[in-house]
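Going left to right, the sequence shown walks through residues 0 to 423 as numbering that gives the first Met the number 0 numbers them.
For every residue, glycine included, the Cβ atom is placed at its ideal position computed from N, Cα and C.
Each remark here refers to the structure printed beneath this line.
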Amino acid sequence: MGVEETLKKYSWILPLIQKVDRITRSTIMKNFRQKKKNFFPEGEYKADVENLINCMLCPNMCRFDCGTLQASLTETMSPAYKARIGYYLTTGKIDPMNKENQDFINLMYKCTNEENCKVWCPFDFSVVSLLESVRDDLNDKGLMPDYCKKQIEKLNKTNTIEDHNIYETYKEKGIENLETDGKDDVFYYIGCESMKFPEVVKANIQILKKAGIKFSTNLDKKVCCGGPAFNIRDLETAKKFAAENKELIESTGADLIISDCPGCVLTLTNRYEKAGIKIEKKILHTVQFFKKLIDNNKLIFKSDLPEEYKKITIHDPCLIARNLKDTESIRGIFNKIQNLEVFEPLYNKEFVHCCGWSGTAHWADKELAIKEARNRISELKDTGANIFISACPLCELGLAYGFEESEKGKYKILDISELLLKLL
Ligand code: SF4
Ligand code: SF4
């Protein structure tokens, strides 16, 4: 803004300044002249300081729908408060090197990446993206929290998110491995979290076989997509996984990659691209691919659903509903199933509430994530259905924490593939 424009904009304040004493006047003028410097102290930041400021000065309009705030019921967890603390940490107004400020650093990780904030934000901010930029500065200062270092150590040691290579467990779990001959139509990219749900993986393999797809799984060569490293913002580790995955994907010859994990889909697409590694293949979530197969009569329903599976509710995975912006594939499949009653939860589609197990929150504060899972389970129970259908291994993992011990046998959480298999 030029001098003339500035004078015009602030002309209303001049008569007021003239009424105050000399010392106050000089303080006001000094602060006014230095306003840019005050907000943007000198220094090298990776953080998106400008948007952290914009968010922290907002009246917190999305706070009512932030999952971690609703779980903790403390204002500290609100999106604008997180942005404010992030700004203070990055600019040194809160000294991140002082051990007494560790709780403020931890706050930067108590975010479930669900992006409810973005749904409501008039500026389209994703607070998790803002926090990730603060994590970059914290990492540069060597302040990565121990619970994040532990995840990176596991990734580097086992190539997966477990302390053993979870892909190596496929034989004992009865999962079939199909190695590529370099001429596949589809590469079924199994997420490390999905390996915790062998019945889902087996169902996906069965469905692909029934549809006559030529595909491979390559479990002997498979590594994590690197998603956790992207969350933690260890980009060196993340890029190492991206390069390995690109090579494996290209070796299959497949033009289409499908994954059972929405986090893998997001990572293989947007996150790799932002990190400068582009995979020139079509990448879909399994639910999107199965919807196409059903629409094209490649998957034909031959049986009726067993009685106990005829009333269901949907838990939209945040990453499918909000990041992939797809709430219709899952519903499109349900529409084709006869005698299926679908009960929609109050918060659904792009307004879905998170299972609590996304992002870094469950490492930083497991109790917080469990409370968020309980909130979501309560919303799903309110539908009256006792079969909860989702399409994400992390949702399945997180939601399971939301039940009381006494009600565990009463409800079932299933992946859509498990339901589909009952029809084929
Ligand atoms: S994310 Fe948007 S709506 Fe939410 S507090 Fe920040 S600026 Fe306000
Ligand atoms: S991503 Fe979710 S938990 Fe994080 S600030 Fe936004 S709404 Fe809250």
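Here the alpha carbon of Gly226 sits roughly 16 Å from the alpha carbon of Asp135. Pairing Leu423 with Leu298 gives a Cβ-Cβ distance under 9 Å. Annotation: the continuous alpha helix (DSSP H) that includes Ile22 extends over 21 to 32.
Here the alpha carbon of Ala368 sits roughly 5 Å from the alpha carbon of His361. Remark: the shortest separation between the CB of Met28 and any heavy atom of ligand 2 does not fall under 8 Å. Counting C-beta pairs closer than 8 Å gives three or more between the stretch 310 to 318 and the stretch 377 to 394, which meets the contact rule. Between Asp414 and Val126, the beta carbon gap of about 29 Å keeps them out of contact (Cβ cut-off 8 Å). Under the three-pair Cβ rule at 8 Å, the stretch 32 to 47 does not count as touching the stretch 328 to 336. Pairing Tyr169 with Ile256 gives a Cβ-Cβ distance that is not under 9 Å. Take the alpha-carbon of Gly275 and the one of Asp233: they are about 15 Å apart. The distance from the Cβ of Ser250 to that of Thr179 is about 6 Å, consistent with a contact at the 8 Å cut-off.
Rounded to whole angstroms, Lys409 and Asn53 show a C-alpha spacing of 46 Å.
Your pair Pro344 and Asp381 checks out as a contact, with CB atoms roughly 7 Å apart and the cut at 8 Å. Glu49 and Lys324 have their C-alpha atoms some 27 Å from each other. Around the CB of Gly85, 16 or more other CB atoms lie within 10 Å, so the residue is classed as buried.
The beta-bridge partner set that DSSP reports for Lys281 consists of Leu255. The beta carbon of Gly181 sits closer than 8 Å to the beta carbons of Ser250, Thr251, Gly252 from its chain, once the five residues preceding and following it are set aside; these are given in chain order. The DSSP-derived three-state label of Tyr86 is helix.
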